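Only one structure is covered here, and it is reproduced in the block below.
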Amino acid sequence: MQARLVSSSALAEGVNHFVFEAVGVDRLDFTPGQFVSLQAEIEGKQITRAYSLASAPTGGNGFELCLNLVEGGRLSPRLFALRPGEQIEMSAPLGTFVLRDPARASILIATGTGITPFRSFLRAYLPNGAPEFTLLFGVRHESNILYRAEFETLQQAHSQFRFWPTLSRPGSGWGGRAGHVQAHLEAAIGRRRDIDFYLCGLKQMVDGVRSALKEMGFDRKQIRYEKYD
Ligand SMILES: Cc1cc2nc3c(=O)[nH]c(=O)nc-3n(C[C@H](O)[C@H](O)[C@H](O)COP(=O)(O)OP(=O)(O)OC[C@H]3O[C@@H](n4cnc5c(N)ncnc54)[C@H](O)[C@@H]3O)c2cc1C
Numbered sequence: 000m001q002a003r004l005v006s007s008s009a010l011a012e013g014v015n016h017f018v019f020e021a022v023g024v025d026r027l028d029f030t031p032g033q034f035v036s037l038q039a040e041i042e043g044k045q046i047t048r049a050y051s052l053a054s055a056p057t058g059g060n061g062f063e064l065c066l067n068l069v070e071g072g073r074l075s076p077r078l079f080a081l082r083p084g085e086q087i088e089m090s091a092p093l094g095t096f097v098l099r100d101p102a103r104a105s106i107l108i109a110t111g112t113g114i115t116p117f118r119s120f121l122r123a124y125l126p127n128g129a130p131e132f133t134l135l136f137g138v139r140h141e142s143n144i145l146y147r148a149e150f151e152t153l154q155q156a157h158s159q160f161r162f163w164p165t166l167s168r169p170g171s172g173w174g175g176r177a178g179h180v181q182a183h184l185e186a187a188i189g190r191r192r193d194i195d196f197y198l199c200g201l202k203q204m205v206d207g208v209r210s211a212l213k214e215m216g217f218d219r220k221q222i223r224y225e226k227y228d
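If you read the sequence shown in numbering that gives the first Met the number 0, its first letter stands for residue 0, the second for the next number, and so on.
Spelled out as structure tokens, the structure:
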């Protein structure tokens with residue numbers, strides 16, 4: 000299958016939001032949390048990379064991605080160089096990083112572009128009777144809080160959703176949470192034990208949060224994760 004770029008726009012320094020359409024199909028069905036693989040020939044080699052879907056399923060063939068330009072990386076610079084109308088090879092949606100069924104109160108923990116599958120979760124499930132969701136989102140600076148206005152609007156509209164950004168390098172004007180996501184786990188959990196955790200981002204954060212949760216006594220079945228590296 001091919002994906003055609005419709006538009007791309009900067010969300011923060013080195014991070015773009017991409018709108019694509021799947022070519023030759025009327026609809027692209029997927030479950031929030033799944034990813035597509037994009038593929039291109041680079042210096043004579045086929046390079047394939049996975050990208051979480053940032054949008055909720057629309058019933059049409061459109062979909063959105065959110066990605067980082069990795070300096071010296073192979074595929075991400077190629078994607079940032081795509082112009083509207085250009086195409087790239089893609090797979091059908093794949094992956095098991097999806098909301099458990101039945102869903103229950105959940106803490107979604109992301110760093111950087113690890114936010115991407117959670118945007119899909121929130122857009123798909125909040126308007127449709129979702130359980131309680133807390134989104135704990137770690138980034139360096141305030142300007143790196145991807146989709147901030149959207150998440151703030153969702154928080155105002157849905158009482159079961161809490162949006163908790165935290166900055167590892169806050170500026171002097173920041174009055175919100177500071178430090179790594181691990182610093183806010185206990186507050187997000189409170190006294191609950193009947194809760195699920197979804198972790199997404201680079202290995203260092205995912206491994207760190209998994210061991211913290213295990214030390215707190217949570218079962219590994221309560222923890223789903225997706226590592227980007
Ligand atoms: C299931 C899955 C879903 C993914 N979804 C996304 C997504 O939604 N958005 C996204 O930006 N990336 C995502 N990734 C990472 C993506 O597949 C690529 O690894 C990334 O774009 C780098 O590819 P590259 O060819 O440019 O770099 P490579 O030439 O492969 O260089 C790899 C280097 O990039 C680092 N790296 C990988 N991912 C990131 C990242 N996100 N931020 C910073 N450094 C990184 C690795 O640690 C490694 O050092 C996902 C990975 C997986 C496995």
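Quick reminder that beta carbons are idealized off the backbone N, C-alpha and C, glycines included. Given the structure is predicted, the values throughout are model-derived calculations rather than measurements.
Item                                                                                                   : Value
G178 beta carbon less than 8 Å from that of G111                                                       : no
Whole-angstrom distance between I108 and G175, CA atom to CA atom                                      : 17 Å
For V35, three-class secondary structure by DSSP                                                       : strand
3 or more residues per run - each beta strand (DSSP E) lying fully within the region 80-127            : 86-89, 105-110
Heavy atom of ligand 1 within 7 Å of L66 beta-carbon                                                   : yes
Cα-Cα separation, G13 to V24                                                                           : 31 Å
C-alpha gap between V18 and V5, whole angstroms                                                        : 5 Å
Boundaries of the beta strand (DSSP E) in which A2 is found, first to last residue                     : 1-11
P130 in three-state terms, based on DSSP                                                               : coil
Span separating the alpha-carbon of L66 from that of T133                                              : 22 Å
Assumed close pair R48, S36 - CB separation to whole angstroms, cut-off 8 Å                            : 7 Å
Reference Q38; option with closest CA among D28, M0, G71                                               : M0
Nearest neighbour of D228, chosen from G72, A2, G61 [CA to CA]                                         : G72
Local conformation of S158 per DSSP, three classes                                                     : coil
Continuous alpha helix (DSSP H) stretch holding V14: start and end                                     : Looking at the DSSP string, V14 is not in any alpha helix (DSSP H); the run it does join, the beta strand (DSSP E), is 14-21.
Backbone CA spacing between R190 and P130 [nearest angstrom]                                           : 17 Å
Classification of I41 by the beta-carbon crowding that lies within 10 angstroms, buried from 16 upward : exposed
Of the residues P169, I46, A186, P164, the one placed nearest E88, counting alpha carbons only         : I46
A49 beta carbon near ligand 1 (any heavy atom closer than 7 Å)                                         : yes
Exposed unless 16 or more other CB atoms sit within 10 angstroms - verdict on V208                     : buried
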